[in-house]
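Add 339 to the 1-based position in the sequence shown for the working numbering, that's all there is to it.
The structure appears right after this line, and notes come after that.
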Amino acid sequence: MIEAHDITVRLGQRDTLKGIDLVAAPGQVTAIVGPNGSGKTTFLRALTGELKAHGTITLNGRALQSIPVGELAGLRAVLPQAVRMAFPFTVTEVVRLGLRAGLSAGRDGLILQALEAVGTVDLADRPYPDLSGGEQQRVQLARVLAQVWEPVADGIPRWLFLDEPVSSLDPGHQFTVINTVRTFAARGGGVIAVMHDLNLTAIMADKVVVLKDGRVAAMGAPCEVMTEEILSDVYNCPLRPGLMPAGTVPFLLPQSSPLAM
Ligand SMILES: Nc1ncnc2c1ncn2[C@@H]1O[C@H](COP(=O)(O)OP(=O)(O)OP(=O)(O)O)[C@@H](O)[C@H]1O
Ligand SMILES: [Mg+2]
C-alpha cells in the first residue's frame with residue numbers, strides 16, 4: 340500500500356502541490372491525469388522519494404524517508420518523463436542497469452524477458468542513442484521492469500512508478516505495454532502511472548486521480564471520474580464520454596467546434 344497524506348511541494352516561488360491525499364493499493368493500476376503543469380510529475384517524484392515534500396508518505400506501511408536507498412531500489416522502479424543517458428550503451432546494457440539496481444543482479448536471462456515484455460527483443464544489440472524516441476521509451480520500460488521483475492518478493496509487493504509510459508508508442512506497442520503493466524498488477528505488484536491519453540487510461544487503470552492546479556479535482560474508478568462535468572472543467576474544453584458496448588469503459592472524443600469563417 341502507498342499512503343500519502345497532505346502532500347505539499349514548493350518549487351520556486353509557488354506551491355506546486357497543495358495538500359494532496361492518495362491511497363494506492365498493490366494489485367491495482369493507479370493513474371494520475373491532469374493538464375500540463377497540474378503537478379503530475381511533481382507528485383510522482385514526491386511519491387518515489389526523489390523530491391522533498393511536506394506531509395507523510397508510507398510505502399508498504401513504512402515511512403518513505405526511513406527506507407535506505409539501496410533497499411528502496413529493490414522495492415520500486417521509476418520511469419522518469421525524460422531519460423538522458425550520458426554514455427553510448429547498447430540496449431542490453433541499459434536494461435542491465437535496471438537488473439543491477441534491483442535485487443536480480445546476475446540473472447542476465449531477465450534482460451531478454453524484460454525486452455520481450457515490451458516487444459523489443461529485436462533491438463537488444465543496437466546502440467541506445469541510435470534508437471527512435473518510441474524505441475528508447477520501450478527500452479527504458481524494460482529497464483524498470485528488470486529492476487522489479489517479480490511483482491511480489493517475500494510477500495512484499497513491489498512498485499512501478501511510470502511517468503507517461505506510452506506517450507511515444509504506436510498503438511500496437513501501447514497495447515503490449517498496457518498488458519504488461521496490468522499483468523504486473525494482477526500478479527500482486529503496484530503501479531502508479533502518469534497518463535495523458537484518457538482512453539488508454541480508461542482501459543488500463545483501476546483508479547484515476549485527476550489533478551488540477553496542484554490539487555485533487557477527482558478520484559475514483561474510470562467510470563466515476565471520467566464524466567463530462569469533471570473533465571470539461573479540468574481540461575477547460577468540451578469532453579463528453581461515450582461508453583464502450585459493454586457499458587463499463589468510458590471513451591472520449593474531443594468535441595469539434597465550428598471553424599471561424
Ligand atoms: N524545478 C522547478 N522550479 C520551479 N517550478 C517548477 C519546477 N519543476 C516544475 N515546476 C512547475 O511546477 C508545475 C507542475 O510541474 P509538473 O512537471 O509536475 O507538471 P505535469 O503535470 O507533470 O505537466 P506535464 O503534463 O507537462 O508533464 C509547473 O507549473 C512547472 O512549471
Ligand atoms: Mg509531467
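Glycine included, each C-beta is placed from N, C-alpha and C at the ideal position.
Can you pull the DSSP bridge partners for residue i?
i    : result
V368 : V530
L591 : P580
E410 : Beta-bridge pairing links E410 to no other residue.
I450 : DSSP, once it has assigned bridges, lists no residue as partnering I450.
V478 : In the DSSP output, where bridge partners are listed per residue, V478 has none listed.
H393 : T347
D572 : According to DSSP, D572 bridges with nothing at all.
L499 : A416 and V530
P466 : T429
V491 : P496
I359 : I346
L403 : The partner list for L403 (beta bridge, DSSP) is empty, contrary to what the question assumes.
L398 : I341 and R401
E354 : What sits at residue 354 in the sequence shown is Asp, not Glu. D354 is bridged to R349.
Using a Cβ-Cβ cutoff of less than 7 angstroms, which residues in the same chain neighbour residue i once the five nearest sequence positions on both sides are dropped?
i    : result
F523 : P490, L499 and V530
G373 : K379, V549, L550, K551 and V573
Q420 : T380, D502 and E503
T429 : D464, R465, P466 and Y467
K357 : T347, G553 and R554
Report the option in the options whose CA atom is closest to the CA atom of residue i.
i    : options                   : result
Q367 : T566, L570, G559 and A456 : G559
V483 : K379, G511, V516 and L462 : V516
L418 : V505, V408, D493 and G376 : V505
A485 : G472, V564 and V433       : V433
E389 : N399, R439 and L403       : L403
A370 : I569, L582, D536 and S507 : D536
D354 : V430, R415, G413 and G553 : G553
G409 : S443, T429, L383 and G400 : S443
V520 : A556, A453, L570 and L411 : A453
V487 : L350, I569, A412 and R384 : A412
G528 : P365, A385, Q352 and H344 : P365
How would you label residue i, buried or exposed, when you count the other beta carbons within 10 angstroms and need 16 or more for buried?
i    : result
I606 : Look at the range of the chain in this structure, 340 to 600, and you will see that residue 606 is not part of it.
V533 : buried
F426 : exposed
V564 : buried
R446 : exposed
G400 : exposed
I359 : buried
I495 : exposed
E567 : exposed
A525 : exposed
Given residue i, which residues of its chain have a CB within under 6 angstroms of its CB, disregarding the five upstream and five downstream residues?
i    : result
H393 : T347
G458 : H512 and T515
V362 : E342
D545 : Q367 and V368
T431 : I450 and A463
V422 : Q479
P580 : M565, P589 and L591
In chain order, what residues of the same chain lie with their CB nearer than 8 angstroms to the CB of residue i, ignoring the 5 residues before and after it?
i    : result
P593 : C576, P577 and L578
L539 : V505, Q513 and I517
G586 : none
L508 : G473, Q476, R477 and V516
At which residue ranges does the segment 541-570 contain complete beta strand (DSSP E) runs of 3 or more residues, listed in the order of the chain? 546-551 and 554-559
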